[in-house]
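The structure appears below as structure tokens.
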Amino acid sequence: MSRKPKPLTADPSWATFNRMKAIEWLGDRVRILDQSRLPHQRAYLELKRYQDIASAIAGLKIRGAPAIGVAGAYGLALAALEIKARAKGDFISELRAASQALSHTRPTAGNLFRAIEGMLKVAEAGKEPGQIKKALITEAVRIHDEEAEATLKLSRLGAELIKDGFTILTHCNTGALATAGYGTALGVIKQAFEQGKRIRVLATETRPLLQGARITAWELKQANIPFQLITDSMAGYFMGRGEVSCLIVGADRIALNGDTANKIGTYTLAVLAKEHNIPFYIAAPTTTIDPSLASGEEIPIEQRSPEEVTRIQGVAIAPEGVEAANPAFDVTPHRYITAIITESGIIRKPFGEGIRKIIND
Ligand code: MRU
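The working numbering numbers the first residue of the sequence shown as 1276 and each following residue consecutively.
Right, here's the structure in full:
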């Protein structure tokens, strides 16, 4: 007799992240937790127009590649609801204009472009505006569910790599809030902890916008996982002392050869890990893989305002008028990566082969 699979919603891990919903569809509007105000304020925003979603993405109120993809999909659903055109052609032109605005928010997170492309395909396949609007809402919710389920699956697979007693170093924020699901790198860590493994986490603060100090520390605290917050520049100290068992980070876009764009500072960590012979893992859903890019050189890197470097939460820390650079991401060449954890399996070298196989399957 075959047993019916347990619904995901009945899973205790699901309940854990469901308590902190990064983004939620409310029928004709979207509610997001404003991540730019964490950890001191837990403020929710209700957004009715796609332009509001676009500025929430650009302003990092909703952030993290999978969550940005979900927000983009809901943004297009909101745009569709506002379009008055009755002819399909006119409707699609207006929808495309909204999709342009949404895709110009943040250039690196691959999930955004994939979600928008999927939404536009659904619109093109529809009959008339009334039916297309409904189909777009269904598709956006489906994209959200798919991302969320993928993160739980990959977290379970990745947890196998974590042994009892491990100290794991992670960077930026890759939990429920960044993924609109369970988490990627932080999901793997949470799963290992939920499985009863005694682990310790070193979480980097992640300058300039402190996603590690503000959000990862907040999520780790809520999950009762033992951790220490460190500044980005302390990572080498802990690796050199032999205190780090492995590193796990997320990804914003992965090229076909395994080169991975992730939060600025990831490349430095990967080089240090190789020097110290420490495994360096990437955890990401397959929606982060961009099959149109042969290598990481082609991944567009977002350049953000220099003020994010010269100020911390609005307070100036550098002399007025200094020039600052602010690339938000860097690319880690695949040679530094030990394995890529996805919901469809753990990909090991040669990555090109493994990634192609997963995409084709
Ligand atoms: O600029 P952000 O905060 O949107 O950065 C994205 C990230 O959180 C990370 O780069 C992360 O490691 C990948 S997304 C889960």
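Cβ coordinates follow ideal geometry from the N, Cα and C atoms, glycine included.
Which ranges would you report for the alpha helix (DSSP H) in the segment 1566-1636 if only whole runs of at least 4 residues count?
For the segment 1566-1636, the full-length alpha helix (DSSP H) segments reaching 4 residues or more read 1582-1585 and 1626-1635 along the chain.
Flag C1521 as yes when its Cβ comes closer than 7 angstroms to any non-hydrogen atom of the ligand MRU, and as no otherwise.
No.
Using the Cβ count rule (16 or more neighbours within 10 Å means buried), how would you classify P1575?
It counts as exposed.
According to DSSP, residues forming a beta bridge with E1321
Checking the DSSP bridge columns, you'll see E1321 partnered with R1306.
Taking all protein chains shown into account, decide if A1603 is buried (16 or more other Cβ within 10 angstroms of its Cβ) or exposed.
Classification for A1603: buried.
So if DSSP puts V1476 in a beta bridge, which residue, or which two residues, is it bridged to?
Answer by DSSP bridge pairing, in chain order: I1443 and F1502.
Between P1280 and L1444, what straight-line distance do the alpha-carbon atoms span, to the nearest angstrom?
With a pLDDT of 45 at P1280, under the threshold of 50, the modelled position of this residue cannot be trusted; read the value that follows with caution. Whole-angstrom Cα-Cα distance: 34 angstroms.
Rounded to whole angstroms, what is the Cα-Cα separation between R1431 and K1363?
Inter-residue distance for R1431 and K1363 is about 43 angstroms (C-alpha atoms, whole angstroms).
Apply the 10 Å Cβ neighbour rule to G1302 and answer buried if 16 or more other Cβ atoms are within range, or exposed otherwise.
Exposed, by the Cβ-count rule.
Proximal residues to R1489 (C-beta, below 6 angstroms), its chain only, five neighbours per side dropped:
Around R1489: L1313 and P1314.
Check whether I1529 and A1559 have beta carbons under 8 angstroms apart:
Annotated as proximal: I1529 and A1559, with beta-carbon spacing under 8 angstroms.
Own chain, CB closer than 7 angstroms to L1568, minus 5 neighbours either side, in chain order
Answer for L1568: A1530, L1531 and I1574, listed in chain order.
Cβ pair A1342, I1391 closer than 8 angstroms
In this structure, A1342 lies away from I1391, with their beta-carbon atoms at least 8 angstroms apart.
Am I right that T1426 and G1456 are in contact with their C-beta atoms under 8 angstroms? What's the rounded C-beta distance?
Contact holds; Cβ gap of about 4 angstroms.
Suppose the cutoff is 6 angstroms on Cβ atoms and the five residues either side in sequence are ignored; what does the same chain contact list for E1550 look like?
The answer is none, since no qualifying residue turns up.
Kindly confirm or deny that the segment 1606-1613 and the segment 1507-1514 touch, where touching means at least three C-beta pairs closer than 8 angstroms.
With contact defined as three or more Cβ pairs closer than 8 angstroms, the segment 1606-1613 and the segment 1507-1514 are not in contact.
Can the beta-carbon of L1485 be found less than 8 angstroms from the beta-carbon of Q1503?
No; because the gap between Cβ atoms is not below 8 angstroms, this pair is not in contact.
Bounding residues of the alpha helix (DSSP H) (the contiguous stretch that carries A1354):
Counting along the chain, A1354 sits inside the alpha helix (DSSP H) bounded by residues A1340 to E1357.
Of the residues V1345, G1347 and I1616, which one's Cα is nearest the Cα of E1524?
According to the sequence shown, residue 1524 is Val rather than Glu. Nearest option by C-alpha distance: I1616.
Could you check whether the Cβ of P1314 sits closer than 7 angstroms to any heavy atom belonging to the ligand MRU?
Short note on P1314: C-beta not closer than 7 angstroms to any heavy atom of the ligand MRU.
Tell me whether L1335, by its Cβ, gets closer than 7 angstroms to a heavy atom of the ligand MRU.
The ligand MRU has a heavy atom closer than 7 angstroms to the beta-carbon of L1335.
Return no unless some Cβ of chain D is closer than 8 angstroms to the Cβ of P1625.
Looking for chain D here will not work: only one protein chain is present.
Between the alpha carbons of L1522 and A1536, how many angstroms are there, rounded?
So the alpha carbons of these two residues sit roughly 16 angstroms apart.
Residues of its chain near E1357, where Cβ-Cβ distance is below 8 angstroms and the 5 sequence neighbours each way are ignored
Cβ neighbours of E1357 beyond the five flanking positions: R1324 and Y1325.
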